[in-house]
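Remarks on the structure that follows.
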Amino acid sequence: MKPAVGATNAAGPRVGKVRALDRVLLLKPRVMSLVVLTGAVGYLLAPGPFDALNFLAAICAMAGAAGACGALNMWWDADIDAQMARTAARPIPRGAVAPREALVLGLALALLSIVAMTARVNALSGALLALTVVIYIPFYTMGLKRRTPMNIVWGGAAGALPPAIGWAAAGGELGLAPVALFLLIFFWTPPHFWALALRRSGDYARVGVPMLPNVAGPGRTCRQIVIYSLALAAASFLPLVIAKLGALYALAAAGLNAVFLWKSLRLYGLRDGPVLARDKAALNLFGYSVGYLFALFAIMLLHALVF
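Position 222 of the sequence shown, counting from 1, maps to 222 under my numbering, and the rest follow consecutively.
Here is the structure:
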């Protein structure tokens, strides 16, 4: 039977919207938002006059490269994503986006973003953006992730580079300040991700990904979380070498780190306790860690724009 015209017209836009949303999800928009925030803060904290068009070009290039990494990561990991509860609903495992489409989109976005950054902004920021893609895709996703339980430590360097890229985009040079911003995110990544991995260790074990919890056990993982949380607390004060930051940032860092360390130690205390209690504490730390980083960079942004 031929469908009614009204039914066809109603279904068409709805299908189109779903397909568009799936392509957006392929780019990992939540990760992209963090890249944009930290990259923008790096740019705005750098010395020198503000160039609005240069800033917009740099932010768009970083967002594009982040989206490219998301698409390429989902393309490569489609086999294990389909078997894990956390990732089974991603566009490729659901069949909403073909793997080839994700590969082409990711490669095109990566190339366009790097070329645009190099041509419109400067060569140093373009080189750092290319380095980010190389670290995240060939080095981490294709190499380390399925080979070593310390994968997230070294792979986390990719996520730590955006503020340094933003700084380079504003001034064309690097120094102690962007390194301080890099180290803050670098030491934040392991406790953030291991807290999630603790709760999902069964998933990772089932697909053969050697995350620290399913290789070394919860006790060692919780100990490493405390160690990296202490390193993070120290690293969070390094950005005070930046002239635009001051007392408000220092006070916020002190308070946020106190809570972070308390949650890490609480999780460590439950390392051999009931699984449900440990999982609840791990999820609590994971959720807090997201807000922690957003809060620190939001306060940096406030310093850059207001003070």
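Backbone N, C-alpha and C fix where the C-beta goes; we use that ideal spot for every residue, glycine too.
Note that the structure is predicted; figures quoted are calculated from it, not measured.
Under the three-state reduction of DSSP, ASP272 is assigned to coil, being neither helix nor strand. Approximately 34 Å separates the beta-carbon atoms of PHE55 and ALA195; this is outside 8 Å, ruling out the contact. Per DSSP, GLY208 is not a residue of any alpha helix (DSSP H), being assigned neither H nor E.
Exclusion of the five residues before and after TYR288 leaves VAL259, PHE260, LYS263 as the residues of its chain whose Cβ lies within less than 8 Å of its Cβ. For the pair LEU183 and LEU238, the CB atoms are nearer than the 8 Å cut-off. For MET32, the uninterrupted alpha helix (DSSP H) run begins and ends at 29 to 45, by DSSP. In this chain, GLY95 is not harboured by any alpha helix (DSSP H), its DSSP state being neither H nor E. Per the C-alpha coordinates, the member of SER113, LEU232, PRO191 positioned closest to TYR268 is PRO191. Rounded to the nearest whole angstrom, the C-alpha separation of ASP272 and ALA233 is 25 Å. Counting only the Cα atoms, VAL290 lies some 26 Å from GLY143.
DSSP, reduced to helix, strand and coil, places MET150 outside both helices and strands of the structure shown, so it counts as coil. Ranked by how close their Cα comes to the Cα of VAL134, the residues ARG147, LEU176, LEU111 have LEU111 in first place.
Leaving aside the five residues that flank ALA82 on each side, the residues in its chain whose CB is nearer than 7 Å to its CB run, in chain order, ALA88, PRO93. Judged by DSSP in its simplified three-state form, PRO138 adopts helix. Between the C-alpha atoms of ILE165 and PRO218 there is a straight-line separation of about 35 Å. Going by DSSP, VAL179 is part of the alpha helix (DSSP H) stretching over 176 to 199. Assigned with DSSP and collapsed to three states, PHE50 falls in coil, not helix or strand. Approximately 16 Å separates the beta-carbon atoms of LEU176 and LEU128; this is outside 8 Å, ruling out the contact.
With contact defined as three or more Cβ pairs closer than 8 Å, the region 241 to 253 and the region 222 to 230 are not in contact. Nearest to LEU103 by alpha-carbon distance, out of ALA169, ASN122, LEU72, is LEU72. Counting the other Cβ atoms within 10 Å of the Cβ of LEU25 gives 16 or more, which makes it buried. Comparing C-alpha distances from SER33 to each of LEU283, ALA130, ALA63 shows the shortest one belongs to ALA63.
Taking the Cα positions, ILE114 is about 7 Å away from ALA65. Sequence-distant partners of LEU44 (beyond 5 residues in either direction) whose C-beta falls short of 6 Å from its own C-beta, in its chain, are ALA304. The C-beta of GLY67 has 16 or more other C-beta atoms within 10 Å across all chains shown, which makes the residue buried.
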